[in-house]
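The structure appears below as structure tokens.
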Amino acid sequence: MKQGIEIEYDVRADSADYYTQDPYWSKVYGSLYSIYNDPLAQNILTESEVPSDYSISNYPNPFNPTTTISYQLPKDGMVTIKIYDVLGKEVATLVDEFKPAGTYNSRFSIPRLAGRESKRVNSQLSSGVYIATIQANNFSKSIKLLLTK
0 MKQGIEIEYD VRADSADYYT QDPYWSKVYG SLYSIYNDPL AQNILTESEV PSDYSISNYP
60 NPFNPTTTIS YQLPKDGMVT IKIYDVLGKE VATLVDEFKP AGTYNSRFSI PRLAGRESKR
120 VNSQLSSGVY IATIQANNFS KSIKLLLTK
């Protein structure tokens, strides 16, 4: 681009996508847009969408072989969700990362060893009660999961 040349363009923000339109080329070729999708902006929640309380639940319960653990975070923070047997032995780590405020789901599946969503899963689990524990910021809660085979 040569110095001293001014280029005029319009910018329009629509949701998380950004569109730019050059008025000169619009006259020549019609409306031309370059689209940039910002993955960070897509996770921005309005105030009414941010959960007001921490929570954790699962469905189905009892389950075989997979259950979905749903959790809500009213604040951004480090989140850990682990599964324990009734003796307190850790059998899986489902989540261990920073998460922005929002509602999330994580699957706990017995047949998968070290699946994409789980860092460590013991596939030799027997039928019985297991405990899912969430820790986020100063919040901690445990729920019972019932595995039936």
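For reference, each letter of the sequence shown is one residue, going 0 to 148 in this note's numbering.
Where is the CB? At the ideal position from N, CA and C, for every residue including glycine.
With respect to GLY87, ASN136 sits apart: the two C-beta atoms are not nearer than 7 Å.
With contacts defined as CB atoms closer than 7 Å, TYR129 and ILE82 qualify as a contacting pair. Following the DSSP letters along the chain, one finds GLU48 in no beta strand (DSSP E), marked with neither H nor E.
Straight across, the Cα-Cα distance linking PRO61 with ALA100 is about 28 Å. Annotation: THR147 to GLN123 spans about 13 Å, alpha carbon to alpha carbon. A residue is called buried when at least 16 other Cβ atoms come within 10 angstroms of its Cβ; PHE97 does not meet this threshold and is exposed. Excluding the 5 residues flanking it on each side, ASN104 has same chain C-beta neighbours closer than 6 Å at THR67 and SER69, in chain order.
Note that the C-beta distance between VAL94 and ILE109 is not below 7 Å.
With contacts defined as CB atoms closer than 7 Å, THR65 and ARG106 qualify as a contacting pair.
Annotated as proximal: LYS140 and ILE55, with beta-carbon spacing under 7 Å. Taking LEU145 as reference, the option from ALA91, GLN134 and SER126 with the minimal CA-CA separation is SER126. In the structure shown, the three-state DSSP call for VAL94 is strand.
Under a 10 Å Cβ-count criterion, ASN63 is classified as exposed, with fewer than 16 other Cβ atoms of the shown protein chains found around its own Cβ.
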